[in-house]
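See structure below.
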Amino acid sequence: MFKEFGLKSEVLKSLEEMGFEVPTPIQQESIPHLMGEISDFVGLAQTGTGKTATFGLPLVSKVKPGEKLPQALIICPTRELCLQITKDIQNYAKYLKLNIISVYGGSDIRRQITDIKKGVSIIIATPGRLVDLINRKAVLLSNIECVVLDEADEMLNMGFKEDIDSILDKTPDFKNVW
Ligand code: AMP
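Residue numbering for the sequence shown follows this note's numbering, beginning at 1391 and increasing consecutively.
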């Protein structure tokens, strides 16, 4: 049951609304670790098994509301996935006061810079655009506590290793990587 994981009550409320009743196998096995003591984590499961909620639910439960600098980064290979994850995370966080934004290539970067400056809790990004924003000093990663690499294998296949390494380099040593 989702209630056993120690997720915030606001998150349980949105899960109920979304009709999530029983955790999928990867959720059942992983969420207790991700909610527990901080550590790095590798999860392997096929598409459609509920991976987004596996990392998304602990993430929105752990992020502290009301802070201006981003506390979590989710990096994924494509714009489509970026939008999908953003929609899911915003749904989980519907009753929490968190700013969650997506940044990806092919869209107006000035708009993204303005949004980031207003204060953001979680950023969902494709690697190239995030590197661009870091180089323009539009995003500060000194408060990042968690970096999620979604479809990490796919990102390596697509040649994003260098971008990902340079992003991780700009985040604090104390962060966790999932
Ligand atoms: P994903 O593997 O993250 O793309 O999720 C696949 C689909 O399953 C998405 O539409 C999720 O909203 C849905 N889903 C994930 N976990 C659950 C759950 N525990 N109960 C019902 N639906 C779920």
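All C-beta atoms, glycine included, are put in the ideal place defined by N, C-alpha and C.
Residue burial classification, residue i (beta-carbon count within 10 angstroms, cutoff 16)
i     : result
L1530 : exposed
D1559 : exposed
F1392 : buried
I1421 : buried
K1477 : exposed
L1539 : buried
M1408 : exposed
V1432 : exposed
L1424 : buried
Q1436 : exposed
S1451 : buried
R1500 : exposed
Three-way DSSP call (helix, strand, coil) for residue i in this model
i     : result
C1466 : coil
N1489 : coil
N1533 : coil
Unbroken beta strand (DSSP E) run spanning residue i, endpoints
i     : result
V1537 : C1536 to L1539
A1515 : I1512 to A1515
Residue i and residue j closer than 8 Å at C-beta
i     : j     : result
P1460 : S1399 : no
R1526 : G1495 : no
T1414 : C1466 : no
I1514 : D1505 : no
V1537 : K1565 : yes
G1440 : Q1417 : yes
L1447 : V1412 : no
N1569 : S1404 : Because residue 1569 is not part of the residues shown, which for the chain are 1391 to 1568, the question remains open.
L1471 : E1552 : no
T1444 : I1475 : no
Unbroken alpha helix (DSSP H) run spanning residue i, endpoints
i     : result
D1498 : D1498 -> no alpha helix (DSSP H), and no H or E assigned at all.
L1558 : K1551 to D1559
L1546 : A1542 to N1547
Identify every run of the alpha helix (DSSP H) within the segment 1398-1455, keeping only runs that are complete inside it and at least 4 residues long; order them along the chain.
1399-1408, 1415-1425 and 1441-1452
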